[in-house]
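Enquirer: When we follow my numbering, the leftmost residue of the sequence shown carries the number 2, and every step to the right adds one. Here it is, the structure in full.
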Amino acid sequence: MILNRLIITTLLLLIAFNGQSTIVRFETNIGNIDIELYDEQVPITVQNFLNYVNNGDYDGTVIHRSVPGFIIQGGGYRYSGSSVFQTVATDPAIINEAEISNTMGTIAMARTNAPNSATNQWFINLTDNSGVLDPSNSSAGYAVFGKVTRGFEVVKLIESFLRVNFSSSNLGQITNEFPIYGFFSGSAVTLDNTVEINRAYVLSDKFQINAGLSGAWFNPETNGQGIYLEVLPSVNMLISAWFSYDLLPPETRHKNGIGASEHRWFTMEGQYNEDTVESILILTEGGLFDSGEPVNYSLYGSVSIKFSSCNRAVMSYEIIEPAISGSIPLQRQSDANLALCQQLAAQANQGVTP
């Protein structure tokens with residue numbers, strides 16, 4: 002019995018570990034905040050949040066409450082200036098799935114004193130609030146549904162902003178802890194003073210090709226095959242050269258055949274989309290140093306490179322004549338700028354269409 006329970010528990014943990022969590026980005030006027038959602042643990046709360054995200058309901062909303070050392074809160078209002086807020090329309094309230102602890106960096110649903118009253122407003126925990134916001138004998142607790150995985154420094158920056166008692170707004174006491182961004186005259190709160198979520202959207206789970214991939218890549222299954230590539234984001238293009246070589250030079254005047262294990266050189270260029278580039282394959286012949294012979298270029302097939310991360314990819318190819326096709330794994334030659342690539346990949350993710 003104990004063994005069976007252990008096996009079941011292990012399987013559940015493996016499923017949870019291997020599952021692909023949904024990530025939502027708050028694109029604010031001071032930086033991006035990425036939130037990993039707990040899809041499996043609190044499905045009702047996550048789906049409720051995603052409904053608002055996918056409907057564009059959070060776009061243009063502001064952070065209307067900041068309590069340093071506690072929480073920042075948003076999701077419910079847009080500011081139109083002149084002390085006037087517009088209230089975001091809400092869906093029906095949901096049940097309180099207070100299953101996960103309110104630790105630092107988690108995001109939870111705001112609600113009234115009634116446990117099952119949460120709709121569209123949320124808050125991010127600036128510290129470990131489990132002692133006051135988790136379920137207890139006197140409280141039903143607050144439903145955590147995700148955690149900030151990137152951009153918590155943006156959250157902390159908001160926490161550091163000046164706060165004003167903006168109860169003179171049409172929302173009254175709701176905005177009595179209002180965070181102020183930028184220069185404040187001391188009287189009127191302007192549109193420029195708000196921390197605004199310009200756009201909220203679900204990130205694609207595909208890797209995003211970016212300039213940080215540029216450089217040398219090799220096939221780890223051989224000792225002399227690889228590509229050198231350059232990503233050109235301004236024209237959404239990737240250009241590359243595919244090469245292989247011998248440890249010893251070929252005999253003089255020896256001409257290598259297509260598909261032979263000796264030296265060959267192809268150039269490739271194509272447009273990329275998210276994690277994949279589709280390229281034409283061009284064979285280059287001639288071009289010897291100090292030779293007057295012209296360089297010949299001919300179309301020889303097609304290539305597709307799919308990147309799974311900043312240092313892993315698979316290249317699939319089809320050569321026209323002779324008919325040769327296959328795929329090879331690719332690995333980055335150096336991880337010196339891996340952090341840059343990961344940062345650019347995150348920035349390039351423009352989300353999925355709802």
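Quick reminder that beta carbons are idealized off the backbone N, C-alpha and C, glycines included.
If we count the other Cβ atoms within 10 Å of its Cβ and call it buried at 16 or more, is D35 buried or exposed?
Expert: Burial call: buried.
Enquirer: Assess, as a yes-or-no matter, whether the segment 320-338 is touched by the segment 184-202 under the definition of 3 or more beta carbon pairs within less than 8 Å.
Expert: Verdict: no, contact absent.
Enquirer: Return the chain-ordered list of same chain residues with a C-beta closer than 6 Å to the C-beta of I3, the five sequence neighbours on each side being excluded.
Expert: Annotation note: pLDDT 43 at I3 (below 50); position unreliable, coordinate value reported separately. Answer for I3: no residue qualifies.
Enquirer: Relative to the C-alpha of N237, which residue among E270, F244, W218 and R164 is closest?
Expert: Of E270, F244, W218 and R164, the residue nearest in Cα terms is E270.
Enquirer: Am I right that Q74 and F124 are in contact with their C-beta atoms under 8 Å? What's the rounded C-beta distance?
Expert: Indeed they touch by this definition, with Cβ atoms about 4 Å apart.
Enquirer: Go ahead and label F184 buried or exposed: buried means 16 or more other beta carbons lie within 10 angstroms of its beta carbon, across all protein chains shown.
Expert: Its Cβ having fewer than 16 others within 10 Å, F184 is exposed.
Enquirer: Return the CA-CA distance between L51 and A90, expressed in angstroms with no decimal places.
Expert: Looking at the two C-alpha atoms, the distance is approximately 15 Å.
Enquirer: For a minimum of 3 consecutive residues, which ranges assigned as the beta strand (DSSP E) are wholly contained in the segment 50-109?
Expert: If we require 3 residues or more, the beta strand (DSSP E) runs fully inside the segment 50-109 come out as 66-68, 72-75, 78-82 and 85-88.
Enquirer: Name the residue from D206, D129, G61 and V54 whose alpha carbon lies nearest to the alpha carbon of A347.
Expert: Ranking D206, D129, G61 and V54 by Cα distance to A347 puts D206 first.
Enquirer: Under the three-state reduction of DSSP, which class applies to G327: helix, strand or coil?
Expert: Looking at G327 - three-state DSSP - the assignment turns out to be strand.
Enquirer: Answer with buried or exposed for A217, where buried requires no fewer than 16 other C-beta atoms within 10 angstroms of its C-beta.
Expert: Burial call: exposed.
Enquirer: DSSP three-state call for Q48: helix, strand or coil?
Expert: Helix, per DSSP.
Enquirer: Determine the direct distance from the alpha carbon of P180 to that of E37, and round the result to whole angstroms.
Expert: Those two C-alpha atoms are separated by around 25 Å.
Enquirer: Specify, as a first and last residue, the run of the beta strand (DSSP E) that F308 falls within.
Expert: F308 -> beta strand (DSSP E) spans N297 to F308.
Enquirer: Using only CA atoms, which one of F208, E160, P234 and G77 lies nearest to I306?
Expert: Minimum Cα distance to I306 is reached at F208.
Enquirer: For F408, which of helix, strand or coil comes out of DSSP?
Expert: There is simply no residue 408 to check, as the chain begins at 2 and stops at 355 in what is shown.
Enquirer: Give me, in chain order, the residues of the same chain whose beta-carbon lies closer than 6 Å to that of L204; leave out the 5 immediate sequence neighbours on both sides.
Expert: The answer, listed in chain order, is I24, R26, N350 and G352.
Enquirer: Helix, strand or coil: which one does DSSP assign to A212?
Expert: Correct three-state label for A212: helix.
Enquirer: From the DSSP output, in three-state form, read off T354 for me.
Expert: Three-state DSSP puts T354 in coil, outside helix and strand.
Enquirer: Please classify Q122 as buried or exposed, where buried requires at least 16 neighbouring CB atoms within 10 angstroms.
Expert: Classification for Q122: buried.
Enquirer: Look at V278 and N171 and say whether their C-beta atoms are less than 8 Å apart.
Expert: Their beta carbons are not under 8 Å apart, which means V278 does not touch N171 by this criterion.
Enquirer: On the three-state DSSP scale, how would you describe I159?
Expert: Three-state DSSP puts I159 in a helix.
Enquirer: Buried or exposed: which applies to Y78, given that a residue is buried once 16 or more other Cβ atoms fall within 10 Å of its Cβ?
Expert: Per the 10 Å Cβ criterion, buried.
Enquirer: Using the DSSP secondary-structure output, state which residues sit across from E279 in a beta bridge.
Expert: The partner list for E279 (beta bridge, DSSP) reads S305.
Enquirer: Across which residues does DSSP place F27 in a beta bridge pair?
Expert: F27 pairs with I34 and A201.
Enquirer: Which of helix, strand or coil does DSSP assign to E154?
Expert: Of the three classes helix, strand and coil, the one that applies to E154 here is helix, per DSSP.
Enquirer: Could you please give the first and the last residue of the uninterrupted beta strand (DSSP E) stretch that includes Q226?
Expert: Where Q226 is concerned, the enclosing beta strand (DSSP E) stretches over Q226 to L233.
Enquirer: Just tell me which of N103, G142, V155 and E322 has its CA closest to the CA of N30.
Expert: If we check each option's Cα against that of N30, V155 comes out closest.
Enquirer: Taking the beta strand (DSSP E) that V315 belongs to, which residues open and close that run?
Expert: R313 to I320 is the span of the beta strand (DSSP E), which, as asked, contains V315.
Enquirer: Look up V145 in the DSSP assignment and give the residues it is bridged to.
Expert: In the DSSP output, where bridge partners are listed per residue, V145 has A109.
Enquirer: Report the option in G32, S310 and S317 whose CA atom is closest to the CA atom of K157.
Expert: The option with the nearest alpha carbon to K157 is G32.
Enquirer: How many Å lie between T120 and Q48 at the Cα?
Expert: The straight-line gap from Cα to Cα measures roughly 11 Å.
Enquirer: Which residues does DSSP list as the beta-bridge partners of A242?
Expert: Its beta-bridge partners are Y229 and T268.
Enquirer: Confirm, please, whether the CB-CB distance from D40 to S67 is below 8 Å.
Expert: No, they are not a contact pair.
Enquirer: What did DSSP end up calling Q21 once you bin it into helix, strand or coil?
Expert: The answer is coil: DSSP assigns Q21 none of H, G, I, E or B.
Enquirer: Please state the DSSP three-state secondary structure of N130.
Expert: It is coil, neither helix nor strand.
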